[in-house]
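For reference, the structure is listed below as structure tokens.
Numbering (the numbering used here), first residue to last: 259 to 512.
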């Protein structure tokens with residue numbers, strides 16, 4: 259079984275020996291803030307409607323830039339999938355040492371101990387801000403989307419004679435929202451990563467106090483808290499995948 263160290267009030271040592279700051283000044287992210295961020299994301303995703311509205315006009319004057327547009331949508335997918343890859347392993351945790359389960363075979367108890375060590379190590383990683391560090395990669399995706407718009411998409415949109423100025427302006431507004439590092443997508447993912455670290459910290463506190471039931475209850479509560487955010491991201495991902503497929507089809511006409 260993983261041996262848990264004695265901890266000072268201001269720091270915690272991870273199993274790897276890394277010192278993790280537990281200052282009370284760390285920003286806390288509550289479910290309400292997460293819901294507000296997911297609502298802002300939904301507003302940005304709604305602007306994808308302009309692509310759905312004009313895709314027939316774009317298809318009437320196909321260009322190799324359609325491939326780049328599909329690529330920009332793929333960049334968005336990477337961001338959403340990376341977020342889910344962080345959250346799902348945490349939500350799947352159920353802490354059980356297995357030592358007191360006399361009804362289990364030695365093999366099963368060994369597997370429970372092994373999984374327990376793995377889960378606690380994951381909690382240390384999340385508490386230490388690993389998810390927040392990886393979430394910062396979303397800024398890189400947004401920057402690439404902006405470059406794709408400047409170099410390929412904007413020139414294409416200007417050439418499509420059936421597009422009116424209002425539609426071109428709406429397209430510009432969409433990509434302006436996507437390109438900047440502080441847009442709603444990055445905001446939601448970074449706040450969610452902070453929430454994940456705070457939640458993992460709370461679970462670890464219960465683990466160190468020997469209360470695995472309360473630790474598991476905390477994770478169960480977290481599933482409910484993050485559900486609206488995950489639904490918002492799932493809806494966005496489905497919409498983006500459909501658009502990506504449409505523009506891959508358009509690119510094949512060129």
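Note that beta-carbon positions come from the ideal geometry of N, C-alpha and C, so glycine has one too.
Since this is a predicted model, take the numbers as computed values, not measurements.
Where residue 384 falls, given that 16 or more other Cβ within 10 Å makes a residue buried: buried
Opening and closing residue of the alpha helix (DSSP H) in which residue 464 lies: 442-466
Can you list, in chain order, the stretches of the beta strand (DSSP E) that have 3 or more residues and sit fully within the region 459-510? none
Between which two residues does the alpha helix (DSSP H) containing residue 354 stretch? Premise fails: residue 354 is in no alpha helix (DSSP H) and is neither H nor E.
Looking at the secondary structure, which residues open and close the alpha helix (DSSP H) in which residue 379 lies? 364-385
How long is the line joining the alpha carbons of residue 443 and residue 455, rounded to whole angstroms? 19 Å
Determine the extent of the alpha helix (DSSP H) in which residue 435 is found, giving its start and end residues. 423-437
Per-residue DSSP class, three states only, for residue 359: coil
Classify residue 331 as buried or exposed, calling it buried when 16 or more other Cβ atoms lie within 10 Å of its own Cβ. Residue burial is scored here from C-beta neighbours: residue 331 has at least 16 other C-beta atoms within 10 angstroms and is therefore classed as buried.
Run through DSSP, which three-state label would residue 305 get? coil
Starting from residue 320, trace the alpha helix (DSSP H) both ways and give me its first and last residue. Boundaries cannot be given for residue 320, as no alpha helix (DSSP H) includes it and DSSP labels it neither H nor E.
Per DSSP, what kind of secondary structure is residue 409 in: helix, strand or coil? Residue 409 falls in the helix class under three-state DSSP.
Does the pairing of the region 367-386 with the region 346-359 give three or more beta-carbon distances under 8 Å? yes
How is residue 419 classed by DSSP in three states: helix, strand or coil? DSSP places residue 419 in the coil class of the three-state scheme, outside both helix and strand.
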